[in-house]
RNA sequence: CGGGAUGUAGCGCAGCUUGGCAGCGCGCCACGUUCGGGACGUGGAGGCCCCGGGUUCAAAUCCCGGCAUCCCGACCA
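Residue numbers (our numbering): 3 to 474.
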């Protein structure tokens with residue numbers, strides 16, 4: 003009891019309860035170099051399921067996986083002016099190799115537009131080579147000043163998609179298609195309700211024409227960017243001279259896109275679904291979907307094994323916790339902390355009555371179920387949980403989205419967290435004013451009508467509906 | 001790079017003011033009793049007190065210098 007942490011969200015800048023869930027669910031820890039992360043087996047097992055699901059969705063759009071180098075010549079980055087200016091402050095630069103000072107420093111990739119576009123220029127000759135749709139799963143390094151475990155780490159693992167198209171319009175369509183892939187993944191697989199929208203100019207990816215984002219709302223009221231999709235227009239094509247011969251025999255620049263999602267999503271799942279008892283995992287990404295906890299060895303354990311076999315036969319990821327040297331309470335709470343969606347507990351008295359206890363992690367409700375039907379009941383519960391977590395997340399976001407028409411009201415309430423929906427004229431100055439002293443930024447520009455006719459900042463004609471929040 | 005703090009057992013910390021045997025909780029190991037929501041008892045293992053220098057009979061403790069990490073700002077998937 004003494005060491006039982008209270009995981010109540012603090013509403014602080016970086017809440018202790020989040021760190022507690024990460025640590026006590028044994029998901030990840032900090033590496034030896036500032037800001038690096040170690041993903042522990044349980045966290046990695048979750049990540050693998052997320053990765054497999056995302057990978058399947060990406061490939062379903064016709065994208066192929068490939069792999070590109072970790073080291074990029076500095077000169078590659080310098081080819082795209084905005085790009086290098088955007089990333090320079092957070093580059094890890096290698097100056098020595100093989101005991102010698104390098105003639106040209108190489109950077110550890112912060113993202114791979116430059117090296118991939120360099121190769122695109124070689125690979126693309128004809129309009130028949132287009133579209134070229136590539137994705138890579140890789141680790142990248144950004145020397146962030148303020149790392150946060152899983153949410154912003156110096157090194158992180160992600161997928162980055164890079165595509166080249168014959169026209170700007172096709173690139174735009176690809177950008178939006180991948181945004182939709184992300185949205186569907188976040189909502190259907192992770193159970194996190196997200197807002198999709200475009201980024202403002204100052205939030206845009208360095209080198210992009212247009213940047214789109216999926217923003218989730220975390221339990222502490224802060225927004226988190228969970229995936230981005232960029233239309234890079236002809237910017238990189240010109241810098242890297244990626245041209246093709248069109249059907250009329252004319253040389254044309256391609257239009258490119260890039261889009262990415264990272265291990266940050268693991269942090270997002272914790273922050274969006276975690277509660278005072280630890281992690282709550284959507285069944286689709288739960289390494290164990292059902293854990294069975296027998297109270298005793300012998301007859302009870304054998305009955306549990308039989309239920310487990312039924313579940314396995316049904317394709318349910320099942321685990322039997324036979325750590326009899328630990329108390330029942332410990333075994334039970336362990337899986338709760340780790341977020342396992344459904345538990346089946348069976349004791350000797352229950353066995354006599356022909357019943358087992360079915361426990362769901364989302365609500366923590368327990369119910370007695372006949373042993374004969376408990377495997378089916380557990381399997382059915384998985385679908386219920388998957389939907390319920392999303393419903394919870396959506397309800398939370400709806401409850402914490404406020405329309406404001408007055409700048410003072412916004413300033414007064416922004417610290418309480420949530421999305422603030424408002425009308426905006428689109429001017430950079432006004433965005434600056436919004437952020438001043440509030441620490442908030444425009445998270446998305448949605449496709450909806452502005453909620454008021456005039457900009458909340460300067461009273462000019464409003465052209466955008468924006469969502470503003472504090473963010474990670 | 002500015003402001004604040006901290007480095008002591010695997011983890012979390014006390015001890016420092018006022019120098020005098022290296023401590024506590026958790027975890028770990030052994031045995032026993034337990035096991036329906038983070039069990040208990042007994043016995044054990046585990047230390048470059050961040051690093052370097054200085055003061056002193058004596059330094060985790062005082063002084064000087066360094067390094068590292070964390071928190072708060074600016075930057076960011």
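Where is the CB? At the ideal position from N, CA and C, for every residue including glycine.
Nearest to residue 257 by C-alpha distance, out of 24, 169, 401 and 471, is 169. Cβ neighbours of residue 38 within its own chain (closer than 6 Å, five residues either side excluded): 156 and 157. Distance from the Cα of residue 105 is smallest, within the candidate group 120, 89, 42 and 76, for 76. An exposed status is given to residue 125, since fewer than 16 other beta-carbon atoms sit within 10 Å of its beta-carbon.
In terms of CA proximity to residue 266, 217 leads the group 217, 429 and 397.
Contact check for residue 173 against residue 84 fails: the beta carbons are separated by 9 Å or more.
With a cutoff of 9 Å on beta-carbon distance, residue 471 and residue 219 are scored as near each other.
Look at residue 418 here: in three-state DSSP terms it is helix.
Fully enclosed alpha helix (DSSP H) runs of no fewer than 4 residues occupy 170-186 of the region 159-189, in order along the chain. Buried is the label assigned to residue 446, since at least 16 other Cβ atoms lie within 10 Å of its Cβ. Remark: fewer than three beta-carbon pairs, one from each stretch, lie closer than 8 Å, so the region 345-354 and the region 20-37 are not flagged as touching.
For the set 392, 396 and 458, the Cα lying nearest the Cα of residue 423 is the one of 458. Contact between residue 467 and residue 453 is confirmed by a C-beta separation of about 6 Å, below the 8 Å threshold.
DSSP, reduced to helix, strand and coil, places residue 145 outside both helices and strands of the structure shown, so it counts as coil.
Only buried fits residue 231, as 16 or more other CB atoms lie within 10 angstroms of its CB.
Under the DSSP assignment, residue 241 falls in the alpha helix (DSSP H) whose first and last residues are 237-242. With a cutoff of 9 Å on beta-carbon distance, residue 179 and residue 162 are scored as not near each other. Contact annotation: the region 322-330 touches the region 294-301, with at least three C-beta pairs closer than 8 Å. For residue 365, the number of other beta carbons within 10 angstroms of its own is below 16, and it is reported as exposed. Just measuring C-alpha positions, the residue of 343, 177 and 154 sitting nearest residue 165 is 177.
Counted as a single uninterrupted DSSP element, the beta strand (DSSP E) harbouring residue 216 occupies residues 212-219.
The C-beta distance from residue 196 to residue 189 rounds to 6 Å, short enough to meet the 8 Å contact threshold. The Cβ-Cβ distance between residue 432 and residue 460 falls below 9 Å.
When DSSP reads this structure, residue 451 sits in no beta bridge, so it has no partner. Ranked by how close their Cα comes to the Cα of residue 22, the residues 394, 276 and 377 have 276 in first place. A check of alpha carbon separations from residue 404 across 253, 223 and 329 identifies 223 as the nearest.
In this structure, the straight-line span from the alpha carbon of residue 112 to that of residue 263 is close to 13 Å. Looking at 56, 435 and 96, the one whose alpha-carbon comes closest to that of residue 72 is 96. If only complete runs of 3 or more residues are kept, the region 296-370 shows the beta strand (DSSP E) at 320-322, 344-348 and 357-362, in order along the chain.
When DSSP reads this structure, residue 233 sits in a beta bridge with 212 and 259.
In this structure the region 232-241 does not lie against the region 298-307, because fewer than three pairs of beta carbons, one per stretch, are closer than 8 Å. For residue 167, the number of other beta carbons within 10 angstroms of its own is at least 16, and it is reported as buried.
In this structure, the straight-line span from the alpha carbon of residue 408 to that of residue 430 is close to 18 Å. Contact between residue 383 and residue 362 holds: CB atoms are separated by about 6 Å, below the 8 Å threshold. Bridge pairing for residue 35: absent [DSSP]. Residue 272 sits close to residue 27, with the two beta carbons spaced by under 9 Å.
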